[in-house]
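Chains as they are written, first to last, in the numbering used here: chain A, 1 to 464; chain H, 1001 to 1464.
This is the structure we're talking about:
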């Protein structure tokens, strides 16, 4: 199995069946993506019209292809897909990405077609991602089979398994345009007639490039195997799952989407917990969890400190921490003392940290720097969230001190969030994130991420 | 009482005691804000040094002021505040905003000072906002007493009551720089030794400029009166509350913040529910709820439709709706039929709406426009969330159709969210929001807002 997956993840040669000269068509965009990612293997194109697309010669039939290409990407209508696969097998191609929708997820005719596909792949011993998939991505190999206009896909260390096309397409586009982290492998499973979440999970478990796994699933094809695999991998790598179809309304939508029959949610929940899979509920958390895994270590405990420019935020964020399973512990006396030293005498300093009096007395940078280091030093504190209050008039700190502190305390987590001027927040994000410090526009988000990361840490160290 | 509040909200003349020539100091910024907001009344300044600040002559003592100024803003250290008040009363000033912190929220000396203040205001019959307040704002009167560098504050129809300085300061700054809606009145209550949430609520209840009330409180000074007032006003205007100190950790932080002793949370919860106050839990929801009230009517039911470019989003958002107390009802046959007409035959169209096949067949604009109108027409649908998938390569719609539909169906709510390219999302926001259509960067947020607005509608129509 691992060898089969390797053919997808590290193909030495690839053919696009249904290559198109028309910009915007999937059969064109997939080529454009492969080129933009500077794929190092051999790329073949097939289209009956022949000619040349994006500088690459086009074969007018599958029969003209050389023998033994590693991977076939078939971007043809559903009806034409089975024959194209059969033709490819004649040329020794055994691994396929099937882009077409219009199978079991739509109607009876599609279901028939899907059965036909399944019997072909069984008979010929093929391995298939899809159908109804938007492709897969493997940045360490500079390769992608997605037909969504991505351009160069930033390399990262978090991998995704998604029973949907949209993760590896427009959500990935958001990550590339709105965030500073990258991705490692992305499997868009589609209708998963062959390769499913178990295959992908098994591969990623031993993939040295993958340090964390984020999943979106609507169903479990082999639930027992999945739970067994997950039980093992979650002791070594964080695994986070958004399970679509947790409600009746969601299940109804899931049938229309990937023909998936979702299971009773409470049972699923118990099994996932046992298997150490950390469950999330918001789509946005797929992105935020990945951001956390990409830029932070796991917290070794749930002790959090935060410094805010406002008493109300200290109150509300304390409430939030408790709701999220985090703690806001008291500091060791020497660290309280340091906080008191930098603050006016009329403020009683403690955790959480009321930072603005220190910032107004000694300057914004000094206040946040000294305040943040005082709590980073504390043995009960595993993660620190500075809420930076940013306006030009009240003073913008140099953000280097945050980068320096992140390096000085590598086992502790620093997550930055903001208040006040939007433009300053965006400048701060643009400075800090390429330097490895994550920022979050909403003040709740760092705590949501911390909660997910801490639950992963707990899962990793759960009793056997 | 209403007359007293009017002195704060519509002062004809104002004096700043502790005016400062030094940019960045609170005693300077408050003047700068008053000027930036083009306050139409008379503005006096007092500082022992005399001279001129920002073009305004400075009186060197309170004794030199004319008689009967409506409102005194005292920006002096805590110790100097009581005497300044006494001096002001000699000149017939009876209404004050007290900016200084350093009272009961810090230590015993502060508590003594606060007691002294209370006895002065009782003896002299004064009305006071604060101490430990960052001021108040009244955009219909072009006035603010905040000392946080805001500049011109955008006028709106939602008013805020906040037992914290940060709402009317840096959170307001965020609203002004990151959003397109404005505010009406903002009361930063501080330690509320005199004017409290009841006074403010009573005023806003009959304030014709205020259409919705958003509150942050850490304690109830007069709980019974508050619940009685709220019971009445919530039948006419939405009232939303974030109650800080819902947990022990939060309560501990609240004592340090405003010396507030928070009450048992479950009891509070029941009383608020009876009074029709809609409770929220995230600080960010203070902003999002205000955005909803500013740009949308209340939904007359909980029926939601959304169109997304991805089956997974349809599934996850269906789950989310159910969790949020919203419904995803079936459409009337003629509306399903319209959706089917614009879509390829292999997709079974229904609510929620899988819009991308129509968008790829007929163009992004046509797909979203026709898809959105088909569901807006439906009697079971009260709110519609188009999830716009935006990249230049897949095509950017003209957003006018959304503005047009919002005008054509004024009783229905349209909330826009996004997927894919961050830059395109920001352009869309910049186009739609000044034209009255709210947008939200995270796909969960429109549903969170809808849930809050629908709960307000329910509260307004609850049985007596």
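Where a beta carbon is used, it is the ideal one built from N, C-alpha and C, also for glycine.
Candidates the options: closest to residue i by CA position
i	options	result
residue 1457 (chain H)	H:1302, H:1441, H:1447 and H:1437	H:1302
residue 1069 (chain H)	H:1015, H:1101 and H:1141	H:1015
residue 1412 (chain H)	H:1107, H:1428, H:1064 and H:1385	H:1385
residue 372 (chain A)	A:401, A:232 and A:216	A:401
residue 265 (chain A)	A:276, A:362, A:275 and A:247	A:247
residue 346 (chain A)	H:1012, H:1072, H:1038 and H:1109	H:1109
residue 1435 (chain H)	H:1464, H:1191 and H:1403	H:1403
residue 333 (chain A)	A:378, A:30, A:48 and A:363	A:378
residue 471 (chain A)	A:320, A:452 and A:304	Past the boundaries of the shown model lies residue 471 (chain A); chain A is included only from 1 to 464, so the question cannot be answered.
residue 1374 (chain H)	H:1393, H:1361, H:1425 and H:1354	H:1354
residue 1317 (chain H)	H:1351, H:1429, H:1116 and H:1134	H:1351
residue 1349 (chain H)	H:1360, H:1362, H:1037 and H:1331	H:1331
residue 102 (chain A)	A:91, A:147 and A:115	A:115
residue 237 (chain A)	A:311, A:159 and A:283	A:159
residue 1277 (chain H)	H:1025, H:1019, H:1227 and H:1128	H:1227
residue 215 (chain A)	A:204, A:323 and A:224	A:204
residue 211 (chain A)	A:254, A:430, A:222 and A:157	A:157
residue 1126 (chain H)	H:1007, H:1294 and H:1165	H:1007
residue 13 (chain A)	A:29, A:42, A:32 and A:324	A:42
residue 200 (chain A)	A:137, A:326 and A:446	A:137
residue 1081 (chain H)	H:1132, H:1066 and H:1105	H:1132
Helix, strand or coil at residue i [DSSP, three-state]
i	result
residue 1243 (chain H)	strand
residue 1073 (chain H)	strand
residue 389 (chain A)	strand
residue 161 (chain A)	strand
residue 1301 (chain H)	coil
residue 215 (chain A)	strand
residue 1287 (chain H)	helix
residue 308 (chain A)	strand
residue 1059 (chain H)	strand
residue 459 (chain A)	helix
residue 192 (chain A)	coil
Span separating the alpha-carbon of residue i from that of residue j
i	j	result
residue 84 (chain A)	residue 415 (chain A)	50 Å
residue 481 (chain A)	residue 356 (chain A)	With chain A covering only 1 through 464, there is no way to say anything about residue 481 (chain A).
residue 220 (chain A)	residue 1252 (chain H)	45 Å
residue 1097 (chain H)	residue 1153 (chain H)	19 Å
residue 155 (chain A)	residue 140 (chain A)	7 Å
residue 34 (chain A)	residue 49 (chain A)	21 Å
residue 1387 (chain H)	residue 1313 (chain H)	9 Å
residue 390 (chain A)	residue 424 (chain A)	6 Å
residue 174 (chain A)	residue 1094 (chain H)	56 Å
residue 21 (chain A)	residue 55 (chain A)	10 Å
residue 1074 (chain H)	residue 309 (chain A)	22 Å
residue 189 (chain A)	residue 163 (chain A)	5 Å
residue 279 (chain A)	residue 1111 (chain H)	48 Å
residue 1463 (chain H)	residue 1184 (chain H)	30 Å
residue 233 (chain A)	residue 144 (chain A)	25 Å
residue 1038 (chain H)	residue 1142 (chain H)	6 Å
residue 955 (chain H)	residue 1072 (chain H)	Residue 955 (chain H) lies beyond the residue range present for chain H, which begins at 1001 and ends at 1464; the question has no answer from this structure.
residue 422 (chain A)	residue 1177 (chain H)	6 Å
residue 1443 (chain H)	residue 1324 (chain H)	14 Å
In DSSP terms, what residue i is bridged to
i	result
residue 226 (chain A)	None; residue 226 (chain A) has no bridge partner.
residue 355 (chain A)	None; residue 355 (chain A) has no bridge partner.
residue 1139 (chain H)	DSSP lists no partner for residue 1139 (chain H).
residue 144 (chain A)	A:137
residue 185 (chain A)	A:138
residue 1439 (chain H)	H:1416
residue 53 (chain A)	A:56
- Message: Output needed in chain order: residues of the region 374 to 391 of chain A with a Cβ under 7 Å from some Cβ in chain H.
- Response: 389 and 391
- Could you list the residues in the region 292 to 322 of chain A with a C-beta less than 7 Å from some C-beta on chain H, going in chain order? 309, 310, 311, 312, 313, 314, 315, 316, 318, 319, 321 and 322
- Residues within the region 1414 to 1433 of chain H neighbouring chain A, beta-carbon criterion of under 7 Å: 1419, 1420, 1421, 1422 and 1423
- Query: What residues in the region 1350 to 1373 of chain H have a beta carbon less than 8 Å from any beta carbon of chain A?
  - Reply: 1350, 1352 and 1354
- Message: Short of 9 Å Cβ to Cβ, which residues in the region 1098 to 1110 of chain H face chain A?
- Response: 1101, 1102, 1105, 1106, 1107, 1109 and 1110
- Item | Contact residues within the region 1324 to 1347 of chain H, judged by C-beta distance below 7 Å to chain A | 1328, 1346 and 1347
- Item | Residues within the region 434 to 446 of chain A neighbouring chain H, beta-carbon criterion of under 9 Å | 441, 442, 443, 444 and 445
- Short-range partners of chain A found in the region 1391 to 1405 of chain H, where Cβ spacing is below 9 Å: 1391, 1392, 1393, 1394 and 1395
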